[in-house]
Every structure is written in C-alpha cells, then in structure tokens.
Amino acid sequence: MKLSHREEAGVAILEPRGKIMGGPDATLLHDQLHEFIKEGKLKVIIDLSGVDWMNSTGLGILISGLTTLRNNKGELKLANVTEKIQSLLTITKLVTVFDAHDSIDEAIKSF
Amino acid sequence: MKLSHREEAGVAILEPRGKIMGGPDATLLHDQLHEFIKEGKLKVIIDLSGVDWMNSTGLGILISGLTTLRNNKGELKLANVTEKIQSLLTITKLVTVFDAHDSIDEAIKSF
Amino acid sequence: MSTANSPKTYRLTVPSIPDRITQVDEFLEANLQKAGIADEIISDIAIAVTEIVNNAIDHGNAGDPEKMVKMNVTISAEEVAIEVTDEGGGFDPGAVADPLAEENLLREVGRGIFIVRHLMDTVSINGVPGKGTTVRAVKKLPPATS
Amino acid sequence: MSTANSPKTYRLTVPSIPDRITQVDEFLEANLQKAGIADEIISDIAIAVTEIVNNAIDHGNAGDPEKMVKMNVTISAEEVAIEVTDEGGGFDPGAVADPLAEENLLREVGRGIFIVRHLMDTVSINGVPGKGTTVRAVKKLPPATS
Ligand SMILES: Nc1ncnc2c1ncn2[C@@H]1O[C@H](COP(=O)(O)OP(=O)(O)O)[C@@H](O)[C@H]1O
Ligand SMILES: Nc1ncnc2c1ncn2[C@@H]1O[C@H](COP(=O)(O)OP(=O)(O)O)[C@@H](O)[C@H]1O
Numbered sequence: 004m005k006l007s008h009r010e011e012a013g014v015a016i017l018e019p020r021g022k023i024m025g026g027p028d029a030t031l032l033h034d035q036l037h038e039f040i041k042e043g044k045l046k047v048i049i050d051l052s053g054v055d056w057m058n059s060t061g062l063g064i065l066i067s068g069l070t071t072l073r074n075n076k077g078e079l080k081l082a083n084v085t086e087k088i089q090s091l092l093t094i095t096k097l098v099t100v101f102d103a104h105d106s107i108d109e110a111i112k113s114f
Numbered sequence: 004m005k006l007s008h009r010e011e012a013g014v015a016i017l018e019p020r021g022k023i024m025g026g027p028d029a030t031l032l033h034d035q036l037h038e039f040i041k042e043g044k045l046k047v048i049i050d051l052s053g054v055d056w057m058n059s060t061g062l063g064i065l066i067s068g069l070t071t072l073r074n075n076k077g078e079l080k081l082a083n084v085t086e087k088i089q090s091l092l093t094i095t096k097l098v099t100v101f102d103a104h105d106s107i108d109e110a111i112k113s114f
Numbered sequence: 221m222s223t224a225n226s227p228k229t230y231r232l233t234v235p236s237i238p239d240r241i242t243q244v245d246e247f248l249e250a251n252l253q254k255a256g257i258a259d260e261i262i263s264d265i266a267i268a269v270t271e272i273v274n275n276a277i278d279h280g281n282a283g284d285p286e287k288m289v290k291m292n293v294t295i296s297a298e299e300v301a302i303e304v305t306d307e308g309g310g311f312d313p314g315a316v317a318d319p320l321a322e323e324n325l326l327r328e329v330g331r332g333i334f335i336v337r338h339l340m341d342t343v344s345i346n347g348v349p350g351k352g353t354t355v356r357a358v359k360k361l362p363p364a365t366s
Numbered sequence: 221m222s223t224a225n226s227p228k229t230y231r232l233t234v235p236s237i238p239d240r241i242t243q244v245d246e247f248l249e250a251n252l253q254k255a256g257i258a259d260e261i262i263s264d265i266a267i268a269v270t271e272i273v274n275n276a277i278d279h280g281n282a283g284d285p286e287k288m289v290k291m292n293v294t295i296s297a298e299e300v301a302i303e304v305t306d307e308g309g310g311f312d313p314g315a316v317a318d319p320l321a322e323e324n325l326l327r328e329v330g331r332g333i334f335i336v337r338h339l340m341d342t343v344s345i346n347g348v349p350g351k352g353t354t355v356r357a358v359k360k361l362p363p364a365t366s
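The listed protein sequences correspond, in order, to chains A, B, C and D.
Every position in the first sequence, counted from 1, becomes a number in my numbering once 3 is added.
Every position in the second sequence, counted from 1, becomes a number in my numbering once 3 is added.
Every position in the third sequence, counted from 1, becomes a number in my numbering once 220 is added.
Every position in the fourth sequence, counted from 1, becomes a number in my numbering once 220 is added.
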C-alpha cells in the first residue's frame, strides 16, 4: 500500500493505493489518522478508489480509524468503495457501521 | 521515552521509562498496543513506575490504549502510578476512567 | 492453456516477519498470472492467502522470526489449492468468536477465517498441538472457454 | 545562589518538527538545573512548556518545518517566566472545549492548556491572526531557604 493525503473544504482526505494486506500497512494508516487528530483535523474521508483489494487487516484499519476518530469527536467517511471491497463490507456486516459515499464531493457534503 | 514489554500470567505488561512528552512517544506506545491486539494479547498493564512525568500527550496515549483495547474486547490497567501522574489524572478527572493498581500483582489479579 | 493437464506445485518458505506478506503475495500472484487465471479470481485467492499467512505469522508462530511459514500453491486446470503450514501450537477453529455478532462488529480483528471461507470453495484447518497448523484452501476454476 | 539578583534569559529557536520537543525539554531542564531550582518544580515547568511548544508546533505552525518556534526562558530569584511564540494564525482560548465535560473525557487531546493553567501561576495567551501566538507562563519560586 502507498499512502498520500490532501485537504479539501476543511476535510482531510486519505488516499491509500494498491493492496491493503497487512505488514507495514496498518501502522502507516493509523499513524496518519493520529497525526490528523493531533492537528485537530477530525473530519476524515478515506478515498478507496485506488485500492485494488484489502483483506481483514484493511477492514481492521478502517474500523480503528472510525472508532479513534469517534472517541475524539471526529468522523470518518468512506468514498469510492470498489465492488470487491463493497462485497467484503457486506458479508462482514460492516456496511451497517460505515458511512460510504459514491464520490468525494458527496462525502464532503455529508459532514 | 523508552519502551520495553514483558508477559506475566498471560498478561502483557508495558514498561515505558523516562518522560512522555510527545514527538516520537505516541507512535511507539500505540504501535505496541496494536501489536498486542494482533497477537490476541488483550489483557494489558502499563507499568508507570519508571515514568518521571508525562504531559497531555501521555494522557492521550493512555486513553487511546484504553479505548482501542475496549473496542477489541480487551482491557487496560495502570500500575504503579507515581504521585505526579496521579495528580494529573485527578485534575483531568481521568481517575474515573482508568483502573489503577498499586502493584503489578494486584493489577494482574484484577482482570 | 499449456498447463491445463499437468498440475504444478510452487513452494515458498518465509520467516515469521509481518512485512514478508508482501513477498508472499507477489510470489502467489505471479504464479497465478503465469497460469493464465483471471484477475478477478486471482484477487480472491490473494485476499484469502494473505489472511492465512498473516495468521500463521501472527498467531501460529507468534511473530518469532526463527519459525517458518511454508506455503504450497498447486495449480491445475480445475482448481487452485493452497496449503500453509506454521510451527505454532494449533488452535480450535470452532472456538473463534462470531465476527457477525453485534458486540464484535467494532473489533479490529477476528474476520480473517470468516473471509477465507467466503472466498474459497473448501477450507480445512488442521491444528495439531506441538506440530503446528496446516490450513488448506481450494478455489475451483471456471471451465476454460477456449 | 549566584543568579539570585540578576534575571537571566535563555533563548532557543526550533523548526516545527514534532521530535524536536526532546531538545526543547533538554534545553529547558538544563538551564533550570543550573539555576539550582528544585527537581519538583522543574518537572512542573517542563510539563507545561512541552505542552505549549507541542501546541506551537502542531496547531500554530501546523507541523510546517519552515516555520519556527521561539522560546525565551527568564529565570530570576522570584520566578521562572516562559514565552513561546509561533508563526501560526492565532486562536481563541475561550473557544477551547472543556476537557472535564463528561462527553470529552475519552478524547485523546484537548487537555494541554488546562494542564498548563494548573501547573503554572499565571498564563497569558496572545493570538494575533497573521502574527502568530505568544503564550507567556510564569511559575513563582519559593523563597530561598539559605
Ligand atoms: N495459524 C494459527 N495458529 C494459531 N491460532 C490461529 C491461527 N489462525 C487463526 N488462529 C486463531 O483464530 C483466531 C481468528 O482468526 P481470524 O479469523 O483470522 O482473525 P484474526 O486473525 O483477525 O484474529 C485468531 O485470533 C487466533 O486466535
Ligand atoms: N499555538 C496555537 N496556535 C493555534 N491554536 C492553538 C495553539 N495552541 C492551542 N491551540 C488550539 O487550542 C486547542 C486546545 O489546545 P490544548 O488544550 O493544548 O489541547 P490539544 O493540543 O491536545 O488539542 C487546540 O486543539 C488548538 O485548536
């Protein structure tokens, strides 16, 4: 996984790319979320358009981001969930937990 | 801050030492807690006997450990809280949040 | 496809270092691609195999870099069979908590085996205390269209 | 104590890199020790100063390593005065959420200024949009016993 991030309309947007399979991936994403919290950026979107696939490590990172932000009065939204990831979210019942949007624009408006 | 850890009676014991003041400290402690969760070690004690002092970064790390473990059905206990840290926990009302014990033995028994 | 009639087995052994999962995935995907398997199916298998190998590294061998994880990948015209063996203490898959239970939904871990069962056609877990765990997972391939 | 009658000021400027907090603390504690201040009091001041400088780096200068944090430490027989200035946009301390409110107790952040006010005797925060923030915090010293 590669990770970049940008800001739009006061919202921090995380852009992981590639595959989220474990090993170094979890630390990278988690550290970035904590960096946001420290800087007071508590509205975060994860843009999944560039993610080929993820396994349960990836799902765990998304949940960790969600709960960490919630504990800090922030919010996490997903955007551009691909079909493969959507199917994982569905079978694991995590669709009920995440707020997912079809585009970054819609995700931004939803805060 | 320096960080080591050991295991006793099925409980993971984290031993930070020195001062917890921010910068690299938060990442170190947080990564170790996530490592424990991955390995299924969900009973964790933080032994504070070697910590000279901490600022709000340190308190934030303790809270992050607590909530992360709780989200994963684990539990965090504090042991050997020094006077200086106890006074910070008291004025910030965090005494009501943490389960603190006078010794590692007592903390282990409390799980 | 040239490999249609003769099953081929590829073997890889890695030490229990979490970051090695990248190498395991590259080895797996390269061999499945060489066999002409569709990308859609490759990613299903890759998701499942990275789950199994992460478990072998983290839970089976408890991250001890002296302990090895062995993987066999057997590709035939009909199926892809994966076998992963660690040197851990074995475990009882029946005792794993239900990741779909309401109170477990926000746990960061505990969905790996569930996802493997969903993506692969047959999964068998053989944990022998003192002898480690072998997980065998098979994905059936669609009939060749040419 | 030789420094009893002439206040001395020590200055340090660091770029906004989070890990530099270690250097700030070493500089501060070394100078307070040299002045013969008791360890108990030094740690109170060090906790407060690391809070203020972390804020200057993280919030004021938003972690931009091109922006600097300046610190003055003035030690006299009666007190230690700290002044920390960043190049950020300023802020309204009155708008900071109450860290003792029930719904904020589990937040990881938001206790810094509260702790500074508790440990130091007087604290003033001067945020000027476009000119950065200066935080001045004073710790009174107990009368010399010798
Ligand atoms: N190879 C293995 N050796 C020992 N225990 C294992 C192994 N694989 C899985 N387990 C056990 O099964 C549990 C569930 O595994 P899994 O569903 O993959 O979730 P996770 O790995 O995220 O905890 C693990 O927490 C672990 O206790
Ligand atoms: N130097 C500064 N420049 C701009 N904003 C600041 C500064 N110091 C503090 N703040 C603001 O005040 C808030 C509260 O600060 P504090 O009580 O130290 O908690 P924390 O830093 O943990 O959020 C910060 O979240 C930030 O919004």
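Virtual Cβ for every residue (Gly too), placed ideally from N, Cα, C.
Identify every run of the alpha helix (DSSP H) within the segment 221-266 of chain D, keeping only runs that are complete inside it and at least 4 residues long; order them along the chain.
241-254
Taking only beta-carbon positions, decide if GLY43 (chain A) is within less than 9 Å of chain D.
On the first sequence, position 40 is the one that residue 43 (chain A) refers to. GLY43 (chain A) counts as touching chain D.
With 9 Å as the threshold, decide whether the Cβ of PHE334 (chain D) is near any Cβ in chain B.
Position 114 of the fourth sequence holds residue 334 (chain D). Chain B contact via Cβ: present.
Any C-beta of chain D sitting closer than 9 Å to the C-beta of ASP55 (chain B)?
By one-based count along the second sequence, residue 55 (chain B) stands at place 52. So, interface residue.
Three-state secondary structure (DSSP) at LEU45 (chain B)?
Translated into the one-based positions of the second sequence, residue 45 (chain B) becomes position 42. LEU45 (chain B): coil per DSSP, three-state reduction.
Pull up the distance between the alpha-carbon of PRO238 (chain C) and that of ALA266 (chain D), whole angstroms please.
Taking the third sequence and counting its residues from 1, the one referred to as residue 238 (chain C) is at position 18. Taking the fourth sequence and counting its residues from 1, the one referred to as residue 266 (chain D) is at position 46. So the two alpha carbons sit approximately 38 Å from each other.
Thinking just about the alpha-carbon of each residue, which of C:VAL304, C:GLY310, C:ASP341 is nearest to the one in ASN274 (chain C)?
Here residue 274 (chain C) refers to the residue found at position 54 when the third sequence is read from its first residue. Answer by Cα proximity: C:VAL304.
Classify GLU246 (chain C) as buried or exposed, calling it buried when 16 or more other Cβ atoms lie within 10 Å of its own Cβ.
Start at 1 with the first residue of the third sequence, and residue 246 (chain C) comes out as number 26. Its Cβ having fewer than 16 others within 10 Å, GLU246 (chain C) is exposed.
Classify ALA15 (chain A) as buried or exposed, calling it buried when 16 or more other Cβ atoms lie within 10 Å of its own Cβ.
Position 12 of the first sequence holds residue 15 (chain A). So ALA15 (chain A) ends up on the buried side.
Whole angstroms are fine: how far does the CA of THR353 (chain C) sit from the CA of ARG327 (chain D)?
Counted from its first residue, the fourth sequence places residue 327 (chain D) at position 107. Counted from its first residue, the third sequence places residue 353 (chain C) at position 133. ARG327 (chain D) and THR353 (chain C): Cα-Cα distance of roughly 41 Å.
How many angstroms separate the CA atom of ARG331 (chain C) from the CA atom of THR95 (chain A)?
Against the third sequence, residue 331 (chain C) aligns to sequence position 111. Against the first sequence, residue 95 (chain A) aligns to sequence position 92. The straight-line gap from Cα to Cα measures roughly 8 Å.
Between HIS279 (chain C) and chain A, is the shortest Cβ-Cβ distance under 9 Å, so that the two count as touching?
Counting from 1 along the third sequence, the entry for residue 279 (chain C) is found at position 59. For HIS279 (chain C), the answer is no, since every Cβ of chain A falls outside 9 Å of its Cβ.
Any chain A beta carbon closer than 9 Å to MET221 (chain C)
Numbered from its first residue, the third sequence carries residue 221 (chain C) at position 1. Only weak support is given to the placement of MET221 (chain C): the predicted model assigns it a pLDDT of 48, under 50, and the question is left unresolved by the model.
So, with DSSP's three-state summary, where would you put PRO313 (chain D)?
On the fourth sequence, position 93 is the one that residue 313 (chain D) refers to. In this structure, PRO313 (chain D) counts as helix in the three-state DSSP scheme.
Helix, strand or coil, according to DSSP, for HIS8 (chain B) in the structure here?
Position 5 of the second sequence, counted from the start, is the residue given in the question as residue 8 (chain B). Three-state result, HIS8 (chain B): strand.
Which class does LEU320 (chain D) belong to by DSSP, given the choice of helix, strand or coil?
As a position in the fourth sequence, residue 320 (chain D) is number 100, starting the count at 1. Residue state, collapsed to three classes: coil.
Among D:ASN251, D:ALA317, D:SER236, D:GLY256, which has the Cα closest to the Cα of ASP284 (chain D)?
Here residue 284 (chain D) refers to the residue found at position 64 when the fourth sequence is read from its first residue. Minimum Cα distance to ASP284 (chain D) is reached at D:SER236.
On the three-state DSSP scale, how would you describe GLU286 (chain D)?
For the purposes of this step, residue 286 (chain D) is identified with residue 66 of the fourth sequence, where counting begins at 1. DSSP places GLU286 (chain D) in coil when its eight states are reduced to three.
Simplified DSSP assignment, three categories, for THR30 (chain A):
Start at 1 with the first residue of the first sequence, and residue 30 (chain A) comes out as number 27. Of the three classes helix, strand and coil, the one that applies to THR30 (chain A) here is helix, per DSSP.
Counted within 10 angstroms of its Cβ, other Cβ atoms place SER222 (chain C) as buried (16 or more) or exposed
Within the third sequence, numbered from 1, the residue matching residue 222 (chain C) stands at position 2. For SER222 (chain C), the predicted structure reports a pLDDT of 49, less than 50, and the residue's modelled location is therefore unreliable. A value from the coordinates is still provided. It is exposed - the Cβ of SER222 (chain C) has fewer than 16 other Cβ atoms within 10 Å.
Identify the contact partners of ILE267 (chain D) in chain G, using a Cβ-Cβ distance below 7 Å as the criterion.
Going by chain labels, chain G is absent from the structure shown, which instead holds the protein chains A, B, C and D.
When the distance is taken between beta carbons, is GLY61 (chain B) closer than 9 Å to ASP105 (chain B)?
As a first step, residue 105 (chain B) must be located in the second sequence, where it is residue number 102. As a first step, residue 61 (chain B) must be located in the second sequence, where it is residue number 58. Contact flag unset, no.
For LEU81 (chain A), which residues of its own chain have a beta-carbon under 8 Å away from its beta-carbon, when the five flanking residues on both sides are left out?
By 1-based counting over the first sequence, the position of residue 81 (chain A) is 78. Here the set comprises ILE48, ILE49, LEU51, LEU65, PHE101, ASP102, ALA103, HIS104, ALA110.
Option in B:PRO19, B:GLU42, B:LYS76 with minimal Cα separation from LEU31 (chain B):
Along the second sequence, one-based indexing puts residue 31 (chain B) at 28. Measuring from the Cα of LEU31 (chain B), the nearest candidate turns out to be B:PRO19.
Could you list which residues in chain A have their beta carbon closer than 8 Å to that of VAL329 (chain C), in chain order?
Here residue 329 (chain C) corresponds to residue number 109 of the third sequence, with the count starting at 1. Going along chain A in sequence order, the residues near VAL329 (chain C) (Cβ under 8 Å) are SER59, GLY63.
Given this structure, state the Cα-to-Cα distance separating LYS41 (chain A) from VAL336 (chain D), to the nearest angstrom.
Looking up residue 41 (chain A) in the first sequence gives position 38. Looking up residue 336 (chain D) in the fourth sequence gives position 116. Cα to Cα, the separation comes out at about 17 Å.
9 Å Cβ cutoff met for LYS46 (chain A) and PHE114 (chain A)
Along the first sequence, read from residue 1 onward, the residue named residue 46 (chain A) stands at position 43. Along the first sequence, read from residue 1 onward, the residue named residue 114 (chain A) stands at position 111. The answer is yes: Cβ separation under 9 Å.
Hey, does ILE40 (chain A) have any beta-carbon neighbour from chain D nearer than 9 Å?
The residue labelled residue 40 (chain A) in the question sits at position 37 within the first sequence. Yes, ILE40 (chain A) lies at the interface with chain D (some Cβ there is under 9 Å from its Cβ).
Within chain C, partners of ILE66 (chain A) - CB distance below 8 Å
Residue numbering aside, residue 66 (chain A) sits at position 63 when the first sequence is read from its first letter. In chain order: LEU326, ARG327, GLU328.
Buried versus exposed, by CB contacts within 10 Å (16 or more), GLY350 (chain C):
Your numbering for residue 350 (chain C) matches position 130 in the third sequence. Classification for GLY350 (chain C): exposed.
Going along the chain, which residues of its own chain have a beta-carbon closer than 8 Å to the beta-carbon of GLU189 (chain C), five neighbours each way excluded?
Residue 189 (chain C) is absent from the structure shown; chain C starts at 221 and stops at 366.
Could you check where the beta strand (DSSP E) with SER344 (chain C) kicks off and where it finishes?
One-based indexing of the third sequence puts residue 344 (chain C) at position 124. Segment 342-348, the beta strand (DSSP E) holding SER344 (chain C).
Please report the residue range of the alpha helix (DSSP H) in which ARG337 (chain C) lies.
For the purposes of this step, residue 337 (chain C) is identified with residue 117 of the third sequence, where counting begins at 1. Run containing ARG337 (chain C): 332-339, per the alpha helix (DSSP H) assignment.
Among C:ILE295, C:ASP312, C:ALA282, C:LEU325, nearest to LEU248 (chain C) - alpha-carbon criterion:
Mapped onto the third sequence, residue 248 (chain C) falls at position 28. Nearest C-alpha to LEU248 (chain C): C:ILE295.
Are GLU307 (chain C) and LYS287 (chain C) touching if we call contact CB-CB under 9 Å?
The residue given as residue 307 (chain C) occupies position 87 in the third sequence. The residue given as residue 287 (chain C) occupies position 67 in the third sequence. Result yes, Cβ atoms of GLU307 (chain C) and LYS287 (chain C) sit closer than 9 Å.
Tell me VAL54 (chain A)'s beta-bridge partners as DSSP assigns them.
Numbered from 1 along the first sequence, position 51 holds the residue referred to as residue 54 (chain A). A:GLY21.
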